[in-house]
Amino acid sequence: MRAAAVACANVALSKYWGKRPGRFNVPAVPSLSVTLDGLSTTTCVAFDETLVADELWFDGVAAADEPTRRASELLDRVRDAASVSARARVDTHNDFPTASGLASSASGFAALALAALTAAGRDASREEVSRVARRSSASAARSVFGGFVELPGGLGPDATDEQADEACVARQVASAAALPLRMLVCVTTEGEKAVGSTSGMRETSERSPYYGAWLDVAPRLHAEMMSALERADLPALGELAERSALAMHASALAAGVAYVSGVTLSLLGAVQALRRGGTGVWATMDAGPHLKAIVDAKDADAVASELGAMPGVLRVIHAKPGPVARVLPFDEAIAVARGGLS
Ligand code: DP6
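If you're matching positions, the sequence shown starts at 72 in the working numbering and goes up one per residue.
Following this line, the structure appears as structure tokens:
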């Protein structure tokens with residue numbers, strides 16, 4: 072009744088922003104991401120008949136109510152699927168700063184889904200793990216897989232919620248070695264994001280005059296990106312990824328949801344200037360002010376030192392395409408999760 076797993080964060084190249092109306096947290100648009108090596112979450116789950124409630128611990132410190140509630144919701148789905156009634160203790164460790172607004176929910180829910188299903192004795196397929204993770208946080212569905220990963224958008228309004236849930240399963244579409252891509256995460260703040268992605272999406276869909284335009288353009292950018300990936304055409308993929316991020320942020324901004332800061336915009340200007348100078352580098356941003364530069368591996372060091380020297384950039388994390396989520400030996404993992412060692 073106990074198991075451990077590790078999963079890596081991912082960054083979307085074509086963005087998921089907005090949900091299909093209805094239940095089960097199904098995205099309104101398809102997305103494509105790259106799983107990132109070295110930005111990982113290790114999670115241990117132990118079901119225990121003596122516990123009266125689920126517990127969540129980060130590096131040996133009890134978590135606040137809200138993250139505990141979200142972990143408990145996922146555990147409820149696992150208990151339902153595996154006919155388990157015991158509550159669980161969850162110990163987790165991120166090997167990157169949790170509160171920095173980096174994508175810790177994606178790796179976190181992917182690792183939790185895999186560890187919990189395994190601990191509950193369920194011989195779950197990767198698809199099932201991904202679906203369980205997606206209902207908690209849709210980007211987490213992609214972190215179950217390695218390399219380049221697609222998560223489809225929701226079916227149309229004629230489908231039932233159950234059909235949309237069934238159809239919305241992430242899959243690997245290219246291996247980590249498919250492109251010589253590096254992701255340079257330019258960390259601009261250690262603070263937590265002001266507006267979480269779930270509420271940012273809700274506000275965008277309710278208030279943005281450009282939400283309809285986003286729903287229209289996102290699947291087209293996604294389809295073009297899928298074919299650029301198939302051709303292993305990094306410049307085309309990078310260009311499209313930057314357009315997807317800018318369209319997403321423009322639609323959010325029109326609803327008053329601003330994730331970018333002055334530093335983000337300076338970095339965007341620097342990326343575009345580097346590109347005009349002939350370097351293959353493109354920008355993407357998520358629900359926070361960090362800019363992620365997509366760059367050809369051969370240019371990664373030069374671009375990182377240029378962007379890292381800009382005012383307001385705290386540090387640059389180099390990441391390359393990373394591996395699939397996997398089960399770990401429990402004893403090794405618990406030492407990492409409780410001690411914060413990596
Ligand atoms: C901007 O997966 O965090 O990173 O499903 O509501 O938990 P919920 O949202 P979440 O949204 C991620 C949004 C994004 C783009 C992306 O990763 O595709």
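Glycine is no exception: its CB is placed at the ideal position from the N, C-alpha and C atoms. Quick caveat: nothing in here was measured; it's all calculated off a predicted structure.
Item	Value
By how many angstroms is the C-alpha of Val398 removed from the C-alpha of Ser246?	20 Å
In three-state terms, what does DSSP make of Val97?	coil
With C-beta atoms as the reference, is Ala195 less than 8 Å away from Ala75?	no
Can you say whether Gly393 is buried or exposed, counting buried as having 16 or more other CB atoms within 10 angstroms of its CB?	buried
Are the segment 291-302 and the segment 351-359 in contact at 8 Å, needing three or more beta carbon pairs?	no
What number of angstroms, rounded off, separates the C-alpha of Ala157 from the C-alpha of Thr350?	55 Å
Grab me the residues of Ala191's own chain with a C-beta within less than 6 Å of its C-beta, minus the 5 sequence neighbours each way, in chain order.	Val149, Ala153, Val155
Have a look at Thr139 and Asp125 and give me their C-alpha separation to the nearest angstrom.	8 Å
Could you give the uninterrupted runs of the alpha helix (DSSP H) lying entirely in the segment 116-174, keeping only those of 4 residues or more?	136-153
So, helix, strand or coil for Thr231, using DSSP?	coil
Please tell me whether, using a cut-off of 7 Å, the distance from the CB of Tyr87 to the nearest non-hydrogen atom of the ligand DP6 is below it.	yes
Starting from the Cα of Gly283, find the closest Cα among Met254, Gly89, Ser85 and give me that residue.	Gly89
Tell me which same chain residues have a C-beta within less than 6 Å of the C-beta of Asn165, skipping the five on either side of it?	Thr112, Ser175
Skipping 5 residues on each side, what residues in its chain have a beta carbon closer than 8 Å to that of Gly333?	Gly383
How many Å lie between Ser143 and Asn96 at the Cα?	16 Å
Hey, is Ala165 close to the ligand DP6, as in C-beta under 7 Å from one of its heavy atoms?	Before going on, a small fix: residue 165 reads as Asn here, not Ala. Incorrect: Asn165 has no Cβ contact closer than 7 Å to the ligand DP6.
To the nearest angstrom, how far is it from the Cα of Ser413 to the Cα of Leu336?	In this predicted model, Ser413 has a pLDDT of only 48, less than 50, meaning its place in the structure is not dependable enough to derive any value.
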